[in-house]
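Right, one structure below, let's go through it.
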């Protein structure tokens, strides 16, 4: 009987050992699976943060480019307005010079016609007196 009891005890202990071993393996697999899931979540979160950081960098670069283009456009507009004012000033100066020249020419014509009228009247008097 003792051998039967020993044999049964050995089988029971062997069965318990196998069950414990399978349970330990199952627990270890669950731990590894959980660790793998946690690592995957961590990597996914890191990738999300990196994408967000990259998006922020792209937005900042885009904002800087737009600001630079806006400043360049404003500077170009300022230069064009300044050039336009210079051209207007030159045009006004030319018009003023032309107006002064015309007035001077008209004055010269008036002066020369006064002189020639004065000479004619003197000439006529002179000729008239000689008769």
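In the numbering used here, the protein residues as written are 1462 to 1592.
Backbone N, C-alpha and C define an ideal beta-carbon position, used for all residues, glycine too.
Predicted model only: the values in this text are computed from it and were never measured.
Which of the three DSSP states, helix, strand or coil, is assigned to residue 1592? Position 131 of the chain shown, counted from the start, is the residue given in the question as residue 1592. Residue confidence for residue 1592 is low, a pLDDT of 49 falling below 50, so the modelled location carries little weight; the figure read from the coordinates is stated next. Note: residue 1592 maps to coil in three-state DSSP.
Within 8 Å (strictly less), CB to CB, does residue 1502 reach chain D? Here chain D cannot be found, since the structure has a single protein chain.
Between the C-alpha atoms of residue 1534 and residue 1552, what's the straight-line distance to the nearest angstrom? Here residue 1534 refers to the residue found at position 73 when the chain shown is read from its first residue. Here residue 1552 refers to the residue found at position 91 when the chain shown is read from its first residue. Rounded to the nearest angstrom, the two C-alpha atoms are 26 Å apart.
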